[in-house]
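Asks: Got a structure for you, written out below as structure tokens; questions coming shortly.
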Amino acid sequence: MAQRNAEKLGDGFIHRQTMAQVMRFTTTELGELEGRIRSAGDRAMALEESHFAALADAVLQRAGPLAATAGALAALDAAPGLAERAREADSCRPVVDASLEFSISAGRHPVVEAFATADDGAGFQPNDSDLGPAANRTAAVSGDDDAGTSPGRLWLLTGPNMAGKSTFLRQNALIAILAQMGSFVPAAAARIGVVDRLFSRVGAADDLARGRSTFMVEMVETAAILNQATDRSLVILDEIGRGTATYDGLAIAWATVEALHETNRSRGLFATHYHELTALAERLEQVTCRTMRGMEWKGSIRFLHQVIPGAADRSYGVQVARLAGLPRAVIKRAEAVLKRLEAEGGGRRKVSFADDLPLFASAPAATAPEARPSDLRLRSALTDLRPDDMTPREAHDMLYRLREMLEGEDDG
Ligand SMILES: Nc1ncnc2c1ncn2[C@@H]1O[C@H](COP(=O)(O)OP(=O)(O)O)[C@@H](O)[C@H]1O
Ligand SMILES: [Mg+2]
Numbered sequence: 001m002a003q004r005n006a007e008k009l010g011d012g013f014i015h016r017q018t019m020a021q022v023m024r025f026t027t028t029e030l031g032e033l034e035g036r037i038r039s040a041g042d043r044a045m046a047l048e049e050s051h052f053a054a055l056a057d058a059v060l061q062r063a064g065p066l067a068a069t070a071g072a073l074a075a076l077d078a079a080p081g082l083a084e085r086a087r088e089a090d091s092c093r094p095v096v097d098a099s100l101e102f103s104i105s106a107g108r109h110p111v112v113e114a115f116a117t118a119d120d121g122a123g124f125q126p127n128d129s130d131l132g133p134a135a136n137r138t139a140a141v142s143g144d145d146d147a148g149t150s151p152g153r154l155w156l157l158t159g160p161n162m163a164g165k166s167t168f169l170r171q172n173a174l175i176a177i178l179a180q181m182g183s184f185v186p187a188a189a190a191r192i193g194v195v196d197r198l199f200s201r202v203g204a205a206d207d208l209a210r211g212r213s214t215f216m217v218e219m220v221e222t223a224a225i226l227n228q229a230t231d232r233s234l235v236i237l238d239e240i241g242r243g244t245a246t247y248d249g250l251a252i253a254w255a256t257v258e259a260l261h262e263t264n265r266s267r268g269l270f271a272t273h274y275h276e277l278t279a280l281a282e283r284l285e286q287v288t289c290r291t292m293r294g295m296e297w298k299g300s301i302r303f304l305h306q307v308i309p310g311a312a313d314r315s316y317g318v319q320v321a322r323l324a325g326l327p328r329a330v331i332k333r334a335e336a337v338l339k340r341l342e343a344e345g346g347g348r349r350k351v352s353f354a355d356d357l358p359l360f361a362s363a364p365a366a367t368a369p370e371a372r373p374s375d376l377r378l379r380s381a382l383t384d385l386r387p388d389d390m391t392p393r394e395a396h397d398m399l400y401r402l403r404e405m406l407e408g409e410d411d412g
């Protein structure tokens with residue numbers, strides 16, 4: 001059959017193969033097409049490579065103008081971005097001059113603000129800062145007009161945890177950067193005497209991988225600040241000395257404040273949990289105390305995130321611990337310990353104190369009654385349990401059974 005049909009084909013068909021039921025033919029054109037298709041992939045790749053090389057060449061030859069265009073486009077992109085942000089965030093145009101002022105009214109932290117407005121109704125609390133030089137006594141007496149009117153260039157900020165100290169520090173640093181890069185700033189008004197360098201020591205990012213503990217990192221960074229900051233710099237220091245024992249930490253923080261005041265003479269914000277440091281404000285002319293307003297209410301604390309003149313009388317750590325959900329017994333015990341420590345002047349008489357207050361006095365008495373038969377049954381049932389092998393249904397049933405064991409005991 002195939003043979004007979006094949007005979008009907010005209011010239012130009014070249015026989016390729018004969019099988020039981022079929023015969024296959026090809027033609028010269030088909031053969032050529034097959035070859036072209038087979039090499040098409042290779043040719044496409046080669047062409048692509050040569051086009052790419054040509055393009056790369058062309059780009060290289062015009063590298064200068066292209067980079068300039070990209071730069072211009074980036075600037076065109078950044079400027080409207082900042083402008084849009086400025087409008088959305090209700091920002092102001094800062095004054096940047098050659099003075100040593102740093103005066104921000106109603107400054108805000110752009111990122112924290114975005115979150116604060118989103119979830120709780122309270123919104124973000126704006127805060128002022130004024131780190132210009134304080135009028136010194138002689139200038140005040142002589143009525144010198146150039147004398148500053150600021151409270152002082154170094155602010156000691158005390159206040160409970162979670163009150164907003166770190167946020168305040170960072171927002172001022174951010175405002176300085178934004179102002180000097182030519183942006184509007186998130187504040188109602190801002191006047192900034194050019195800052196030559198911004199130094200910050202914040203957070204407790206461990207660098208353990210490189211063998212440096214948090215405290216070591218903290219000290220290395222503080223050393224860099226004290227060695228480099230000038231009277232034109234802006235320094236923010238968050239909780240210096242936190243990484244070591246109380247007295248060490250306090251001593252280092254104390255000496256750091258003195259050095260910043262006397263030697264570096266930088267404008268600075270110093271957040272600290274050592275309220276003892278606020279004594280420095282009486283001795284150092286440019287040091288002034290600020291604290292975070294909090295409200296104590298029914299033994300708990302509410303944060304208003306507001307920076308006000310003054311010093312925190314204590315750190316409210318126990319209240320914060322309560323907010324965080326520490327067990328009641330632990331909170332009660334901590335309050336008792338704190339009271340005693342405060343009464344005894346900072347825990348110098350630790351030994352007598354430890355003797356006086358029996359551990360767990362405020363915790364419910366931990367009685368150890370004799371083991372009852374049901375206890376043993378419960379214990380063995382619990383020991384035999386294989387939670388990983390149980391279905392939720394089985395686990396549920398087991399809970400009922402355990403309860404029954406207990407109740408059987410109570411009735412009996
Ligand atoms: N000015 C503010 N207005 C509203 N909420 C704030 C403000 N400052 C801080 N907060 C909120 O309080 C939290 C704790 O602030 P933070 O600055 O870390 O406190 P601190 O350093 O005193 O422990 C922030 O995560 C933020 O949610
Ligand atoms: Mg903080």
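Following our numbering, the numbering of the sequence shown begins with 1 at its first residue and continues without gaps.
Glycine included, every Cβ here is placed at the ideal spot set by N, Cα and C.
For clarity, every value in this text was computed on a predicted model and none was experimentally measured.
Can you give me the C-alpha to C-alpha distance between A6 and M23, rounded to a whole angstrom?
Replies: On the sequence shown, position 6 is the one that residue 6 refers to. On the sequence shown, position 23 is the one that residue 23 refers to. If I take the Cα positions, the gap works out to 8 angstroms.
Asks: Helix, strand or coil, according to DSSP, for D397 in the structure here?
Replies: Locating residue 397 in the sequence shown gives position 397, where the first residue counts as 1. In the structure shown, D397 sits in a helix (DSSP, three-state: H, G or I).
Asks: Whether or not the stretch 38 to 52 and the stretch 149 to 157 are in contact is what I'm after, with contact meaning three or more pairs of Cβ atoms, one per stretch, closer than 8 angstroms; do they touch?
Replies: At 8 angstroms Cβ cutoff, the stretches do not touch.
Asks: Quick one: Cα of A179 to Cα of Q171, how far?
Replies: Working through the sequence shown from its first residue, we reach residue 179 at position 179. Working through the sequence shown from its first residue, we reach residue 171 at position 171. Looking at the two C-alpha atoms, the distance is approximately 12 angstroms.
Asks: Any heavy atom of ligand 1 closer than 8 angstroms to the Cβ of P126?
Replies: Reading the sequence shown from its first residue, position 126 is the one you call residue 126. P126 Cβ: within cutoff of ligand 1.
Asks: Closer than 8 angstroms: is that where the CB of N172 sits relative to any heavy atom of ligand 2?
Replies: Taking the first residue of the sequence shown as position 1, residue 172 is located at position 172. No, the beta carbon of N172 sits no closer than 8 angstroms to any heavy atom of ligand 2.
Asks: Could you tell me whether any non-hydrogen atom of ligand 1 is closer than 8 angstroms to the CB of V195?
Replies: For the purposes of this step, residue 195 is taken as residue 195 along the sequence shown, with counting starting at 1. Incorrect: V195 has no Cβ contact closer than 8 angstroms to ligand 1.
Asks: Is H273 near R242, with beta carbons less than 9 angstroms apart?
Replies: On the sequence shown, position 273 is the one that residue 273 refers to. On the sequence shown, position 242 is the one that residue 242 refers to. Taking 9 angstroms as the Cβ cut-off, H273 and R242 qualify as a contacting pair.
Asks: Kindly indicate which residue of P309, L341, R36, R293 has the alpha-carbon position closest to the one of Q125.
Replies: For the purposes of this step, residue 125 is identified with residue 125 of the sequence shown, where counting begins at 1. Q125 has its Cα closest to that of R293, out of P309, L341, R36, R293.
Asks: Going by DSSP in three states, V307 sits in which element: helix, strand or coil?
Replies: The sequence position of residue 307 within the sequence shown is 307, counting from 1. Here V307 sits in strand by DSSP.
Asks: Go through its chain and collect everything with a Cβ distance to A259's Cβ below 7 angstroms, but skip five positions before and after it.
Replies: As a position in the sequence shown, residue 259 is number 259, starting the count at 1. Contacts found: L226.
Asks: Looking at T167 and ligand 1, is the gap between the Cβ and the nearest heavy atom below 8 angstroms?
Replies: For the purposes of this step, residue 167 is identified with residue 167 of the sequence shown, where counting begins at 1. Yes, the beta carbon of T167 sits closer than 8 angstroms to at least one heavy atom of ligand 1.
Asks: Give a single yes or no on whether A253 has its beta carbon closer than 8 angstroms to a heavy atom of ligand 4.
Replies: With respect to ligand 4, the structure offers nothing, as its ligand set consists of ligand 1 and ligand 2.
Asks: Could you pull out every residue in the same chain whose Cβ sits closer than 8 angstroms to the Cβ of T288, ignoring the five residues on either side in sequence?
Replies: To locate residue 288, count along the sequence shown from 1; it is residue 288. Only A134, P151, G152, L154, W155, L156, A281, P309 meet the Cβ criterion.
Asks: Is E407 buried or exposed, if buried means 16 or more other CB atoms sit within 10 Å of its CB?
Replies: As a first step, residue 407 is located in the sequence shown; it is residue number 407 there, counting from the start. With fewer than 16 Cβ atoms within 10 Å of its Cβ, E407 is classed as exposed.
Asks: Can you give, in chain order, each stretch of the beta strand (DSSP E) that sits fully within the stretch 149 to 223 and has at least 3 residues?
Replies: Correct list: 154 to 158, 189 to 193, 198 to 201.
Asks: Which same chain residues end up closer than 6 angstroms to E335 when comparing Cβ atoms and leaving out the 5 residues on each side of it in sequence?
Replies: On the sequence shown, position 335 is the one that residue 335 refers to. Cβ within range, chain order: V318.
Asks: Should D183 and I236 be called a contact, given that it needs their Cβ atoms to be closer than 9 angstroms?
Replies: Residue 183 sits at position 183 when you count from the first residue of the sequence shown. Residue 236 sits at position 236 when you count from the first residue of the sequence shown. Checking the sequence shown, residue 183 turns out to be Ser, not Asp. Not in contact: S183 and I236 (Cβ atoms no closer than 9 angstroms).
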